[in-house]
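Here's the structure we're looking at; comments come further down.
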Amino acid sequence: EPNLLDVLPPEKFTILPNTAGCYTADDAVRTLRLARELLDGHALVKLEVLGDPRNLFPNMPETLKAAETLVKDGFDVMVYCADDPIQAKMLEDIGCCAIMPLASLIGSGMGIINPWNLRLIIDNAKVPVLVDAGVGTASDAAIAMELGCDGVLMNTAIAAAGKPVLMASAMRKAVEAGREAFLAGRMPRKFYTADPSSPTQGLIGS
Numbered sequence: 001e002p003n004l005l006d007v008l009p010p011e012k013f014t015i016l017p018n019t020a021g022c023y024t025a026d027d028a029v030r031t032l033r034l035a036r037e038l039l040d041g042h043a044l045v046k047l048e049v050l051g052d053p054r055n056l057f058p059n060m061p062e063t064l065k066a067a068e069t070l071v072k073d074g075f076d077v078m079v080y081c082a083d084d085p086i087q088a089k090m091l092e093d094i095g096c097c098a099i100m101p102l103a104s105l106i107g108s109g110m111g112i113i114n115p116w117n118l119r120l121i122i123d124n125a126k127v128p129v130l131v132d133a134g135v136g137t138a139s140d141a142a143i144a145m146e147l148g149c150d151g152v153l154m155n156t157a158i159a160a161a162g163k164p165v166l167m168a169s170a171m172r173k174a175v176e177a178g179r180e181a182f183l184a185g186r187m188p189r190k191f192y193t194a195d196p197s198s199p200t201q202g203l204i205g206s
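Numbering (the numbering used here), first residue to last: 1 to 206.
Next comes the structure, spelled out in structure tokens:
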């Protein structure tokens, strides 16, 4: 039978085993151990432990349990999680190499529902933070990067677009623009304060 690894050979591409579809820590750990065996010791993995098949929200107690087991077993764990700053920090303290909070539900395209929680996670993290779910269009990706995310993972936003290739191009530009805006630093917000940046000296009548 045709094998995906024949098309994407591990010696040429970085394969990222993923536990999407697992609902218990034991299933997730077993899946990734099998993947490591298949990929000759490959340690970088993506951990997802889902809690509800209707919304694909993460089961955080099972996620924390699986993460602890996998890190102790020598895996480099990138972990899908809720946008809870406390639980995100717990995953980092366990030893996960990247924190991947959802911005909104997987496949929903609802964008960044809670930017404040996302910013708290970013500010507290010493490992990369990547938005893992909910991006619907280029402006969502730009906002995630402007908040300080290190990257954005996406699938449905491109796959379900009217013109996927064009949307992929838009997403790349949005990520680059958002990152540059974060590095540049936005101007302070000034509510009810008129402070023009153009000079007023030398105007007629002044």
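For each residue, glycine too, the CB sits at the ideal point set by N, CA and C.
Everything numeric in this text was worked out from a predicted model, so none of it was measured.
Between the Cα of residue i and the Cα atoms of the options, which residue gives the shortest distance?
i, options, result
"Asp93", "Asp73, Asn124, Leu118, Arg172", "Asn124"
"Leu105", "Val175, Gly51, Ser169, Asn55", "Asn55"
"Val127", "Met110, Ile99, Ile113", "Ile99"
"Val129", "Leu120, Thr31, Arg36", "Leu120"
"Pro53", "Thr24, Ala157, Ala168", "Thr24"
"Gly74", "Gly111, Gly95, Leu166, Ser108", "Gly95"
"Val29", "Ile15, Leu70, Gly185", "Leu70"
"Asn155", "Ala82, Met171, Asp84", "Met171"
"Gly51", "Arg36, Thr137, Leu153, Asp27", "Asp27"
"Arg36", "Val77, Met187, Arg189, Pro188", "Val77"
"Glu11", "Lys173, Asp40, Leu32", "Asp40"
"Ala168", "Leu4, Ser139, Arg189", "Ser139"
"Ala157", "Val7, Ile113, Gly109", "Gly109"
"Val152", "Leu166, Val165, Ala177", "Ala177"
"Asn114", "Lys173, Pro85, Met90, Ala159", "Pro85"
"Ala160", "Thr31, Trp116, Gly107", "Gly107"
Are the Cβ atoms of residue i and residue j separated by less than 9 Å?
i, j, result
"Glu48", "Pro58", "yes"
"Thr63", "Val45", "no"
"Gly134", "Ala88", "no"
"His42", "Pro17", "yes"
"Val131", "Ala142", "no"
"Leu118", "Cys97", "no"
"Gly136", "Gly162", "no"
"Ala226", "Thr19", "The question about residue 226 has no answer here: the residues shown for the chain are numbered 1 through 206."
"Arg186", "Glu146", "yes"
When DSSP labels each residue in this structure, what does residue i get in the three-state scheme?
i, result
"Leu34", "helix"
"Asp73", "coil"
"Ile121", "helix"
"Lys46", "strand"
"Ala28", "helix"
"Ala66", "helix"
"Met78", "strand"
"Met100", "strand"
"Pro53", "coil"
"Pro164", "helix"
"Leu4", "helix"
Can you say whether residue i is buried or exposed, counting buried as having 16 or more other CB atoms within 10 angstroms of its CB?
i, result
"Leu38", "exposed"
"Leu183", "exposed"
"Val175", "buried"
"Pro101", "buried"
"Glu180", "exposed"
"Thr14", "exposed"
"Leu91", "buried"
"Leu166", "exposed"
"Leu274", "The structure shown does not extend to residue 274, since the chain spans only 1 to 206, so no value can be given for it."
"Leu5", "exposed"
Taking DSSP's pairing of strands, which residues face residue i in a bridge?
i, result
"Val152", "Val131"
"Asn18", "Lys46"
"Pro58", "Leu50"
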